[in-house]
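Undergrad: Below are the structure tokens for one structure; questions will follow.
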Amino acid sequence: MRLSILSALLILVALLSAGCGKPAPPTLATSGGTVLTYKIVQELPDVSAAELQNRIAARIKGDCFFDHATVQVANGVVRIELPGGDLQKVDRIKEMLRIPGQLSLNVVAHPGDDQQLFEAAAESDERLVTAPDGRRGIWTRCAADLTFDPEWVREIDGERSCLLLLQKGNIEGPHFADFTLSLDPNGQHALNFSMTDEGARRLQYLTKSYQGRQLAIVFDHQVISAPVIRSTISKYGMVTGNFSKEEVTKLLRTGKLAIFGELPPLELTSEEKLDPQ
């Protein structure tokens, strides 16, 4: 009996050593699949090829639940290998890669408090503005239904834009932990959010330091809301506005993708279907 148990253990060890204990992950060679090739239309500043590769891979795994993708980024080209024949997931990945997933919270510049920034902006037609004291701002497209003082707004490239502060402690997509659909106290569609620990620290500092100022909520490079900061908040908050159900659902999608980090504009240049070898 003891000898039989020993023999069984030896066989099990041999099988595991030979790779029989866990199936090998699928590859294009063994399972066929799809290869997507994209051209990076405009690179993001301060985002390396390695960081972009990580962001795309994280989106594919975390949002599309595709565990065996291979992502390569080099020389302005993104190559994505998707083993297997799940075409629905491939379509979801293609749709997801069309969404930049940009999200930020920025203080709206004020002509009185940020006089040097507005003076510098008056002498330039560029979106990015730098004041003599080193402070920076950016003219950002804003929704048509948002109300600002006329001197705060400018037409840039035919788009109604307002000037937002760019600061070292700005809050961006990866500082958010989650988003959920909700209703505001008036029964209107809204979006709840929670922050990471670092995001909560930044939001607490921002809302404590700039009370009485407007805080722009920016989704995919458009200000969708700019409430006045009335109190200090940190871990949890709500995005409100006159949103339809369709609009708030789109914001939810953008927010969940923004958690993985913004992507640059990508142009699909080829889609190749491969059979197993």
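Read left to right, the sequence shown gives residues -18 to -1, 1 to 259 (mature numbering (1 follows the signal peptide of the UniProt record, and there is no 0)). We treat Cβ as the ideally placed atom computed from N, Cα and C, and that holds for glycine. Since the model is a prediction, treat every value here as computed from it, not as a measurement.
Are Gln193 and Ile211 close, meaning C-beta to C-beta below 9 Å?
TA: Position 211 of the sequence shown holds residue 193. Position 229 of the sequence shown holds residue 211. In this structure, Ile211 lies closer than 9 Å to Gln193 by Cβ.
Undergrad: Among the residues of its own chain, which have a CB less than 7 Å from the CB of Thr251, if the five just before and after it don't count?
TA: The residue labelled residue 251 in the question sits at position 269 within the sequence shown. Taken in chain order, the residues that qualify are Thr19, Tyr20, Lys21.
Undergrad: Enumerate in chain order the residues of its own chain whose CB-to-CB distance from His171 is below 6 Å, with the five nearest sequence positions on each side excluded.
TA: Position 189 of the sequence shown, counted from the start, is the residue given in the question as residue 171. Cβ within range, chain order: Phe225, Lys227, Val230.
Undergrad: Residue ranges of each beta strand (DSSP E) run of no fewer than 3 residues wholly in the region 185 to 254, ordered along the chain?
TA: Counting whole runs of 3 or more residues, the region 185 to 254 contains the beta strand (DSSP E) stretches 197 to 201, 204 to 207, 218 to 225.
Undergrad: Tell me whether His157 sits in a helix, a strand or coil according to DSSP, three-state version.
TA: Within the sequence shown, numbered from 1, the residue matching residue 157 stands at position 175. Correct three-state label for His157: helix.
Undergrad: Excluding sequence positions up to five away, which residues of its chain have a Cβ less than 6 Å from the Cβ of Glu25?
TA: Position 43 of the sequence shown, counted from the first residue, corresponds to residue 25. For Glu25, where only same-chain residues beyond five positions count, the Cβ hits under 6 Å are Pro246.
Undergrad: Okay, do the region 147 to 156 and the region 100 to 120 touch, 3+ Cβ pairs below 8 Å being the bar?
TA: Contact holds: three or more Cβ-Cβ distances are below 8 Å.
Undergrad: Given that a residue counts as buried once 16 or more other Cβ atoms are within 10 Å of its Cβ, and exposed if not, what is Asn88?
TA: As a first step, residue 88 is located in the sequence shown; it is residue number 106 there, counting from the start. So Asn88 ends up on the buried side.
Undergrad: Pull up the CB-CB distance for Ala240 and Phe175, whole angstroms please, since I reckon it's below 8 Å.
TA: Against the sequence shown, residue 240 aligns to sequence position 258. Against the sequence shown, residue 175 aligns to sequence position 193. That belief does not hold up - the Cβ atoms of Ala240 and Phe175 are roughly 10 Å apart, past 8 Å.
Undergrad: Does the region 105 to 112 come into contact with the region 44 to 51, if we say contact requires no fewer than three beta-carbon pairs (one atom in each stretch) closer than 8 Å?
TA: Verdict: no, contact absent.
Undergrad: Hey, quick one: how far does the alpha helix (DSSP H) through Thr12 stretch, first residue to last?
TA: Locating residue 12 in the sequence shown gives position 30, where the first residue counts as 1. Here the alpha helix (DSSP H) through Thr12 covers 10 to 13.
Undergrad: Since Ser86 and Asn36 should fall inside the 8 Å C-beta cutoff, what is the C-beta to C-beta distance between them, to a whole number of angstroms?
TA: Here residue 86 corresponds to residue number 104 of the sequence shown, with the count starting at 1. Here residue 36 corresponds to residue number 54 of the sequence shown, with the count starting at 1. About 20 Å separates the two Cβ atoms, so there is no contact after all.
Undergrad: Using only CA atoms, which one of Asn168, Phe161, Arg195 lies nearest to Lys232?
TA: Numbered from 1 along the sequence shown, position 250 holds the residue referred to as residue 232. Selected option, being the one with the closest Cα: Phe161.
Undergrad: Output needed for Lys71: all residues of its chain with C-beta closer than 8 Å, excluding positions within five of it in sequence on either side, in chain order.
TA: If you number the sequence shown from 1, residue 71 lands on position 89. The answer, listed in chain order, is Cys46, Phe47, Phe48, Leu64.
Undergrad: Assuming Asn88 is part of the beta strand (DSSP E), what are its boundary residues?
TA: Taking the sequence shown and counting its residues from 1, the one referred to as residue 88 is at position 106. Where Asn88 is concerned, the enclosing beta strand (DSSP E) stretches over 85 to 89.
Undergrad: So who's on the other strand from Pro19, going by DSSP bridges?
TA: Residue mapping note: residue 19 aligns to position 37 of the sequence shown, counting from 1. Position check: residue 19 holds Thr in this sequence, whereas Pro was assumed. Arg61, Ser252, per the DSSP bridge assignment.
Undergrad: Is it buried or exposed for Ser207, if we count other Cβ within 10 angstroms and need 16 for buried?
TA: Within the sequence shown, the letter at position 225 stands for residue 207. By the 10 Å Cβ count, Ser207 comes out buried.
Undergrad: Could you spell out the range, first to last residue, of the beta strand (DSSP E) harbouring Asn174?
TA: Counted from its first residue, the sequence shown places residue 174 at position 192. Where Asn174 is concerned, the enclosing beta strand (DSSP E) stretches over 171 to 177.
Undergrad: Take the Cβ of Glu253 as the centre, count every other Cβ of all protein chains shown within 10 Å, and call the residue buried at 16 or more, exposed below.
TA: What you label residue 253 is simply residue 271 of the sequence shown in a count that begins at 1. That one is exposed.
Undergrad: Hey, how far is the Cα of Gln259 from the Cα of Ile38?
TA: To locate residue 259, count along the sequence shown from 1; it is residue 277. To locate residue 38, count along the sequence shown from 1; it is residue 56. Distance between the alpha carbons of Gln259 and Ile38: 27 Å.
Undergrad: Please report the distance separating the alpha-carbon of Ile138 from that of Leu10.
TA: Translated into positions along the sequence shown, residue 138 becomes position 156. Translated into positions along the sequence shown, residue 10 becomes position 28. Taking the straight line from one Cα to the other gives about 47 Å.
Undergrad: When DSSP labels each residue in this structure, what does Arg118 get in the three-state scheme?
TA: Sequence index remark: in the sequence shown, residue 118 carries index 136 (1-based). Arg118 falls in the strand class under three-state DSSP.
Undergrad: Could you check which residue in Phe242, Ile215, Leu163, Pro132 has the C-alpha nearest to that of Met78?
TA: For this step, residue 78 is matched to residue 96 along the sequence shown. It is Phe242.
Undergrad: Cβ of Glu244 within 9 Å of Cβ of Glu154?
TA: On the sequence shown, position 262 is the one that residue 244 refers to. On the sequence shown, position 172 is the one that residue 154 refers to. Yes, the pair counts as a contact, with Cβ atoms nearer than the cut-off.
Undergrad: Does Ser143 pass the burial test, meaning 16 or more other C-beta atoms within 10 Å, or should it be called exposed?
TA: As a working note, residue 143 is residue 161 in the sequence shown. So Ser143 counts as buried.
Undergrad: Would you please state the rounded distance, in angstroms, between the beta carbons of Ala31 and Val55? I believe it to be under 8 Å.
TA: For the purposes of this step, residue 31 is taken as residue 49 along the sequence shown, with counting starting at 1. For the purposes of this step, residue 55 is taken as residue 73 along the sequence shown, with counting starting at 1. Yes, they are in contact, since the Cβ atoms of Ala31 and Val55 sit about 4 Å apart, within 8 Å.
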